[in-house]
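All remarks here apply to the structure that follows.
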Amino acid sequence: VVSTQSTGKDSVVAGYQWAANEGVLCEENMRGVRIYIHGVALHADAIHSGGGQIIPTSRRVCYASVLRAAPCLLEPVYLCEIQSPEAAVGGSYGCLTKRRGHVFSESLAEGTPMFYVNAHLPVMESFGFSSALRAATGGQAFPQCVFDHWAEKTDNPMKE
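Quick look at the structure:
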């Protein structure tokens, strides 16, 4: 009995890992998911309680649990620091706004005419951002982007 419970636990864990690696939405990795198992009843016959039966079943149970909990999609977001002269700040704001960027701070470097604008920019919108920014500012703005965090997508993938 002990070996069956150990095999069953290993199979349930393998099913969870499979579900977490190929998530229910877009087959992407799932993050921040915890599933509580309150009880397990295995078939008495060993042929019906092997890994071949338990792993896919536990994966489907994980998928169903996640779908019931109203999942959401996350998108990666860059922290974008833009250096530009004060005259080009307006072009930086315009370019960020067109690409769903959100400015959260700006500062003037003391003793210089350079302005620093810090913004969050979705990675999806960052392709071609440098050239668009330079075009909008006459080549006076220089962005530096690094990964900052994951943000919840605003549209609901489960909506009909």
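Using the working numbering, the letters of the sequence shown correspond one by one to residues 10 to 169.
Glycine included, C-beta positions come from ideal geometry on N, C-alpha and C.
Check	Outcome
V155 beta carbon less than 8 Å from that of L88	yes
Integer Cβ distance of S9 from S93, believed to fall under 8 Å	The first residue shown for the chain is 10 and the last is 169, placing residue 9 beyond what the model contains.
I63 classed as buried or exposed, judged by whether at least 16 other C-beta atoms fall within 10 angstroms	buried
Assigned secondary structure, I63 (DSSP; H/G/I helix, E/B strand, else coil)	helix
Rounded separation between G17 and G60 - CA only	7 Å
H47 to C81 span [Cα, whole Å]	25 Å
Outcome for G99 when other beta-carbon atoms lying within 10 angstroms are tallied against a minimum of 16	exposed
Distance CB(T146)-CB(A97) smaller than 8 Å	yes
For Y102, three-class secondary structure by DSSP	helix
Spatial neighbours of P65 in its chain, beta-carbon cut-off 8 Å, leaving aside the 5 residues before and after	G24
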